[in-house]
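Asker:
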Amino acid sequence: MATTTVTEIASRETFPFKVQDKPTYTKVPGGWEASHKGYKWFTGTVPNDDFVPPQDFEISQQSEKVSINAKGQTELPQKLNVDYNNYKYESLLAHTTLTKELPYEAYDHVDCAGRADPEKKSLFDAITSKTNMTPIIGTEVRGVQLSALTSEQRDELSLWAAERGVLVFRDQDFVDQSPEFLKQYGSHFGRLHVHSFGSHVKGHPEILSNLRDSDKTVFDSFSAGMLTTTRWHSDMTYEANPMGTTFLAALSVPDCGGDTLYLNSMAAYDALSTPMKAFLNNLDAIHSGARQSVHGKKKSPYRRDLVESVHPIVRVHPVTGRKALWFPPEYVSGIVGLKREESDAITDMLYRHLQGSLDFHTRVKWDNKTVVVYDNRMVMHSVVLDYPLGPGEKRHHIRITPQAERPIPVRERKAGEGDMVYDPTG
Ligand SMILES: [Fe+2]
């Protein structure tokens with residue numbers, strides 16, 4: 574495996590920016606100092622005249638030597654100020670990839686929950702206990718390893734997650750499985766999403782790695798200038814095919830704090846009056862990745878430019894037929910067809926309803942090796958950054974995020990109809 578530096582990477586086919594301007598190089602002891610648009614960094618190799626710095630990427634002051642991986646993409650470790658040499662999950666720390674790709678295009682998805690036994694007998698026979706966290710949302714599950722589920726049981730898991738919104742599994746060996754296993758496992762539920770910004774396991778961009786440690790740099794900037802760190806959202810709703818059955822696994826968590834909040838968007842819809850339901854059933858909202866993009870570009874090179882999608886405010890689950898008020902504050906930028914004041918008033922009312930009604934909220938307290946399975950179509954969530962982190966403390970998760978169908982609006986739903994065709998083996 575060849576070793577190179579950032580300066581070499583940009584000339585490869587994995588980084589197809591057009592040549593616009595190049596850095597200047599100055600010989601310094603042990604190598605060269607490169608500078609470009611006010612940024613300076615060090616390279617130990619001979620200057621590469623073809624190098625074009627990534628657009629909107631703040632090149633680190635001191636570039637590390639990195640490896641070209643077998644897939645032809647080049648990855649950089651997330652810059653950390655903490656020593657992780659003896660960390661059990663060092664191999665799962667976040668990396669970014671220097672590549673530039675076209676936005677995802679819409680595709681047809683087959684939901685595996687459609688194959689499930691409605692009674693979920695195979696899965697329920699395998700577990701020893703299930704305890705609802707509230708009557709409305711969330712179930713704690715004991716006595717089964719997610720990693721051991723059969724194909725039939727995974728189908729039922731997906732259906733159950735759609736029904737309960739959130740399923741919490743403790744002490745899972747899921748976190749100790751190989752990346753290859755996790756990707757194959759996750760592909761059962763849909764095409765695995767690769768995030769527009771970095772933070773993935775090295776060599777496996779389909780496995781998101783989310784780390785906050787005492788350095789705090791990654792997440793704290795996200796809430797700068799805000800009264801709260803609570804940011805309700807479903808994951809990446811700006812994509813044409815937003816996310817479905819999702820797996821979030823805790824590798825290391827603080828003793829107290831860093832919980833994840835969930836709310837049930839199905840119950841939020843059910844609570845509305847009949848005239849309000851009828852009104853919202855026919856409306857679409859614009860979902861934009863702009864805010865996440867602004868934040869992400871500060872930390873990482875980005876794979877794909879930000880996108881916007883228009884999605885129904887009320888979406889229907891393709892298998893259960895349940896309707897969800899799918900209106901995540903983090904990504905919605907407006908309601909299609911309404912005038913500004915109308916859109917603002919409806920948005921304000923819906924946000925107060927979604928965020929204020931604790932009737933359909935719950936809260937997951939993490940332990941190491943807890944895995945939460947949630948249906949991004951039917952719930953929203955937010956981390957709570959309420960915990961102090963001293964040296965050595967960290968909150969580290971990995972996430973497998975399968976995409977699902979293009980959201981189905983109420984107006985297009987026909988009883989018993991799915992809209993699929995995703996073949997994970999194809
Ligand atoms: Fe999220």
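Residue numbers (our numbering): 574 to 999.
Ideal placement from N, C-alpha and C gives every residue a C-beta, glycine not left out.
What is the residue span of the beta strand (DSSP E) that His969 lies within?
Answerer: 967-973
Asker: Determine, using beta-carbon pairs with one atom in the region 835-850 and one in the region 906-913, whether at least three such pairs fall under 8 Å.
Answerer: Contact annotation: the region 835-850 does not touch the region 906-913, with fewer than three C-beta pairs closer than 8 Å.
Asker: Take every Cβ of the region 744-756, pair it with every Cβ of the region 816-830, and state whether three or more of those distances are shorter than 8 Å.
Answerer: yes
Asker: Would Pro901 and Ser769 qualify as a contact pair, given that the criterion is a beta-carbon distance under 8 Å?
Answerer: no
Asker: What does Ala822 pair with, by DSSP beta-bridge criteria?
Answerer: Val944, Ile971
Asker: Over what stretch of residues does the alpha helix (DSSP H) that includes Ala858 continue unbroken?
Answerer: It is not in any alpha helix (DSSP H) - Ala858 instead sits in the beta strand (DSSP E) that spans 857-861.
Asker: Hey, would you say Glu729 sits closer than 8 Å to Leu696, going by beta carbons?
Answerer: yes
Asker: Just checking His969 against ligand 3 - is the residue's beta carbon closer than 7 Å to any of the ligand's heavy atoms?
Answerer: Inclusion of ligand 3 in the displayed structure is not the case, the ligand content consisting of ligand 1 alone.
Asker: Would you mind listing the beta strand (DSSP E) stretches within the region 885-966 that are 3+ residues and don't spill past its ends, in chain order?
Answerer: 887-889, 896-898, 905-908, 934-937, 944-948, 952-956
Asker: Nearest to Met951 by alpha carbon, out of Thr920, Arg688, Val739, Ser782?
Answerer: Sorting Thr920, Arg688, Val739, Ser782 by C-alpha distance to the C-alpha of Met951 places Val739 at the top.
Asker: In chain order, what residues place their C-beta within less than 6 Å of a heavy atom belonging to ligand 1?
Answerer: The chain-ordered list of residues whose CB is nearer than 6 Å to some heavy atom of ligand 1 reads His806, Asp808, His954.
Asker: Once you ignore the five residues that flank Ala679 on each side, which residues in its own chain have a CB closer than 8 Å to its CB?
Answerer: Ala813, Asn814, Arg979
Asker: On the CB-based measure, 16 or more other CB atoms within 10 Å of its CB, does Asn654 come out buried or exposed?
Answerer: Here Asn654 is exposed, its C-beta having fewer than 16 other C-beta atoms within 10 Å.
Asker: Which two residues bound the contiguous alpha helix (DSSP H) that contains Asp744?
Answerer: Neither: Asp744 is in no alpha helix (DSSP H) and is coded neither H nor E.
Asker: Counting along the chain, where does the beta strand (DSSP E) carrying Asn705 start and finish?
Answerer: 702-705
Asker: DSSP three-state label for Met816, please.
Answerer: Note: Met816 maps to strand in three-state DSSP.
Asker: On the three-state DSSP scale, how would you describe Pro752?
Answerer: helix
Asker: Please tell me whether Asn659 and Met816 are closer than 8 Å, where the distance is taken between their beta carbons.
Answerer: no
Asker: Going by DSSP, which residues form a beta bridge with Ser882?
Answerer: His860
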